[in-house]
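Here's the structure we're looking at; comments come further down.
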Amino acid sequence: MKILEAIGVTKSFGGLTAVNNVDFHINEGEIVSLIGPNGAGKTTFFNLITGVYEPTSGVINFLGKEIHKLKPFDITITGIARTFQNIRLFSSMTVFENIMIGQFCRTEANLANVIFKTKKATVEQEKAREKVQRIIEFLGLESVANEIATSLPYGEQRRVEIGRALATEPKLLLLDEPAAGMNTQEKVEMQSLIRKIRDEGYTVLLIEHDMKLVMGISDRVAVLDYGNKIAEGKPNEVQRDERVISAYLGKEVG
Amino acid sequence: MGNLADVLIKLSIATVILYFVIKILSKGFDKITDIIGNMEGQTRRKLIYIIVGILLILPLLISRYPYILRTSVVAIMYVVLALSLNFVLGFAGQLSMGHSAFYGIGAYVTALLMVNFKISFWIALIASAIVAGFFGFLLGVPTLRLKGDYLAITTIGFGEILRLILVNWIKVTRGPAGIPGIPSPKIFGFTISNNIGYYYLILLLAFFTVFISSRLLHSRLGQGFIAVRDDEIAAEAMGINSTYLKILAFVLGAAIAGMAGSFFATFVHYVNPDNFTYMESVTILCMVVLGGLGSIPGVILGAIVLTILPEALRGIALYRYAIYGLLLILMMIIRPGGMIDMDRLKGGKKNEDFGGNRSNKVIWRTNSSK
Ligand SMILES: Nc1ncnc2c1ncn2[C@@H]1O[C@H](COP(=O)(O)OP(=O)(O)OP(=O)(O)O)[C@@H](O)[C@H]1O
Ligand SMILES: [Mg+2]
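First to last, the protein sequences are chains A and B.
For the first sequence, the working numbering assigns the number 413 to the initial residue and increments by one for each residue that follows.
For the second sequence, the working numbering assigns the number 200 to the initial residue and increments by one for each residue that follows.
Structural data, given as structure tokens:
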């Protein structure tokens, strides 16, 4: 079943077309990777899906509903969560508090509820804390749960961002270069973490430059170059595609 | 020319003194906040009970010193005002520089209702909160799309417009002459006639404000405010409607400032537009920044220090705002997290590199409208 579908999506910034007439879909339960050279438009495509930008033209459907005109917070509520290429953790919060923010949109206590600390607010808060605790255990962040998140090493910050996204209880998780800046060991761990996340029932869309990781983990790969989708298919098919080799791999080698 | 040199020398001396005072106090406050941060909830609660106890018996101890008593009342009123701005500036991270407008609205609503319609203080108090909150909403809806400096400029404009209305709408406000003869409040038939009574009245209002601030801060909404303050884009990506939260913070802050204004009107029995100038907004802003953005104990302390300091230094009262300016600059350089850094209170291990440069992002970020 298609969980997300983009039809003819274009985004221009003035004269520059960052994403050009892209058709793309993700099936439920898949790990799909979006690759392409620097500046190909991958992050822009994420920003279109998550409502940071509205497409210049085209349609994006999620679970059969048009989402490309929604605000980012509404899109998160419908079930898409993301991480950022340049980590954006809340800098005055601990790891636990950061992940707890993910539960904001799944709780509903209003001003009166929180001021009078009604039963509803307390119960809901307690449930949210338990969920966050489970996510922290899932990610192996127990030992740093009470540290200020931005004081952690890079790799752990990336995991906290993933935890925060998971806490919004998404159906589709978008990861923008989760392994950037990691060493080989950490990359291997990230790969098994992403697989573990998929096995929990999430669908994953991944942007990643590390080919070993991408080829090892993806069910399908789509390739962007100058905003155009130039190839799509199984990892080994894409790897052999002439256009991909010249546009992407070619550039890296030569 | 001699005068100018004199002023410059005095200001330089003040800078040096302030610099060292902040440095030394910082060390002390860090020790204290670390101790409190690592306390058990039980011990912390006991400490709060002790402080509340002292506050409750304070007027009986100082009733023989009317000047000190009166200053205490004013200090607590500024605690309420600073905490009300803290909703907007400390929690939601919105640089609002017209806060005295809401304070003024509250004061005038109470003055007009009590003088013209003989309405009881309690109803006037609630009406002041509602009207001020409503103006917070009116101002918030269009302006909260603006960021940083733009928001600051718009809110300054709002404050000035309000003051000009107070000055020029002579039919209702009596203009610069102000409204005299505002009666004292009554509780159960007793009239609050002396400063001990006013002390307990404003203390009640302060407890109310602290209570709401702290309940809010530890709730999903409060954490939502902080998320918006730290990183609005990330907050929206987490499913937070940042516009809604910012308006909520604005309305709450405005309503509570309105209550402080209402108290002020009955306390001094007279209001005029000069009480609600831009400088008043700046003073309140300084209290919040000095104490520590978002930190409830910090803001309380900031308000108390900046009420008592000018009283204690009457000799240089002329330079008050120059010193506030210096203070803000020095704080930003030496100790951007404020005297009591909100994050230090969280206890546990801390990365020192990140110890003090977070909460101030509100102020810094005003320069990068992203
Ligand atoms: N807000 C914007 N305004 C103008 N141009 C933009 C904007 N965002 C992105 N671009 C441009 O769009 C193009 C695609 O950028 P994008 O960030 O999507 O690339 P990317 O594929 O994520 O690259 P990388 O691998 O380096 O992260 C680039 O040329 C970039 O400069
Ligand atoms: Mg990118």
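Glycine included, every Cβ here is placed at the ideal spot set by N, Cα and C.
Which value, in whole angstroms, describes the spacing of the CA atoms of residue i and residue j?
i, j, result
"Val-470/B", "Glu-549/A", "59 Å"
"Lys-548/B", "Arg-500/A", "Only weak support is given to the placement of Lys-548/B: the predicted model assigns it a pLDDT of 41, under 50, and the value that follows is read from those uncertain coordinates. Whole-angstrom Cα-Cα distance: 21 Å."
"Asp-205/B", "Ile-212/B", "11 Å"
"Tyr-264/B", "Ala-511/B", "15 Å"
"Gly-236/B", "Asp-229/B", "10 Å"
"Lys-543/A", "Leu-345/B", "35 Å"
"Ala-453/B", "Tyr-302/B", "8 Å"
"Pro-467/A", "His-298/B", "39 Å"
"Leu-361/B", "Thr-476/B", "9 Å"
"Leu-492/B", "Ile-642/A", "50 Å"
"Ile-364/B", "Ile-574/A", "52 Å"
"Glu-579/A", "Phe-502/A", "First, the residue type needs correcting, since residue 579/A is Ala and not Glu in the sequence shown. Those two C-alpha atoms are separated by around 15 Å."
"Leu-489/B", "Ile-499/B", "10 Å"
"Pro-509/B", "Ala-448/B", "30 Å"
"Asp-653/A", "Ser-413/B", "60 Å"
"Gly-374/B", "Asn-367/B", "5 Å"
"Glu-649/A", "Ile-657/A", "11 Å"
"Gln-545/A", "Phe-508/A", "8 Å"
"Ala-459/B", "Pro-582/A", "44 Å"
Residue i: beta carbon under 7 Å from a heavy atom of ligand 2?
i, result
"Lys-599/A", "no"
"Gln-497/A", "yes"
"Ile-619/A", "yes"
"Lys-481/A", "no"
"Lys-454/A", "yes"
Please confirm whether any heavy atom of ligand 1 lies closer than 7 Å to the CB of residue i.
i, result
"Phe-436/A", "no"
"Asn-450/A", "yes"
"Thr-580/A", "no"
"Ala-418/A", "no"
"Leu-587/A", "no"
"Phe-333/B", "no"
"Phe-425/A", "yes"
Would you give the residue range spanned by the alpha helix (DSSP H) that residue i belongs to?
i, result
"Ala-300/B", "298–316"
"Leu-259/B", "240–261"
"Asn-459/A", "454–461"
"Lys-423/A", "Careful: Lys-423/A lies outside any alpha helix (DSSP H), inside the beta strand (DSSP E) at 414–425."
"Ile-548/A", "531–550"
"Asp-348/B", "347–367"
"Ile-629/A", "623–629"
"Leu-282/B", "265–285"
"Lys-668/A", "Given that chain A is displayed from residue 413 to residue 666, the structure contains no residue 668/A and the question cannot be resolved."
"Leu-501/A", "It is not in any alpha helix (DSSP H) - Leu-501/A carries neither H nor E in the DSSP assignment."
"Pro-496/B", "495–511"
"Glu-568/A", "566–578"
Can you name the start and end residues of the beta strand (DSSP E) that residue i belongs to?
i, result
"Lys-641/A", "640–645"
"Arg-632/A", "632–637"
"Ile-438/A", "428–439"
"Ile-492/A", "492–494"
"Thr-482/B", "Unbroken run through Thr-482/B is the alpha helix (DSSP H), 477–490; no beta strand (DSSP E)."
"Phe-474/A", "469–474"
"Asp-588/A", "584–588"
"Ile-391/B", "Here Ile-391/B belongs to no beta strand (DSSP E), and DSSP marks it neither H nor E."
"Ile-619/A", "615–619"
"Leu-338/B", "Counting along the chain, Leu-338/B falls outside any beta strand (DSSP E), though it belongs to the alpha helix (DSSP H) covering 320–342."
"Ser-445/A", "443–447"
Is residue i close to ligand 4? I mean its beta-carbon at under 7 Å from any heavy atom of the ligand.
i, result
"Ala-430/A", "Questions concerning ligand 4 fall outside what the structure shown contains, since the ligands it does hold are ligand 1 and ligand 2."
Taking three-plus beta-carbon pairs below 8 Å as touching, is the region 445–464 of chain A in contact with the region 421–437 of chain A?
yes
Just checking, does the region 312–330 of chain B make contact with the region 521–539 of chain B on the three C-beta pairs under 8 Å criterion?
No, the region 312–330 of chain B does not touch the region 521–539 of chain B.
Mind listing, in chain order, the continuous alpha helix (DSSP H) runs of no fewer than 4 residues lying wholly within the region 426–462 of chain B?
431–436
Check whether the region 402–411 of chain B and the region 468–483 of chain A touch, using three or more Cβ-Cβ pairs below 8 Å as the test.
No, the region 402–411 of chain B does not touch the region 468–483 of chain A.
Any 3 or more C-beta pairs closer than 8 Å across the region 582–594 of chain A and the region 548–563 of chain A
no
Just checking, does the region 437–445 of chain B make contact with the region 254–268 of chain B on the three C-beta pairs under 8 Å criterion?
no
Per the contact definition of three or more C-beta pairs closer than 8 Å, is the region 430–439 of chain B in contact with the region 480–490 of chain A?
yes
State whether the region 209–226 of chain B contacts the region 489–496 of chain A, with contact taken as three or more CB pairs (one from each stretch) at a distance under 8 Å.
The region 209–226 of chain B is not in contact with the region 489–496 of chain A.
Does the region 377–387 of chain B come into contact with the region 453–465 of chain B, if we say contact requires no fewer than three beta-carbon pairs (one atom in each stretch) closer than 8 Å?
yes
How do the region 389–399 of chain B and the region 264–277 of chain B stand: do at least 3 beta-carbon pairs fall below 8 Å, yes or no?
yes
Could you check whether the region 622–632 of chain A touches the region 525–536 of chain A, counting it as contact only if at least three pairs of C-beta atoms, one from each stretch, sit closer than 8 Å?
no
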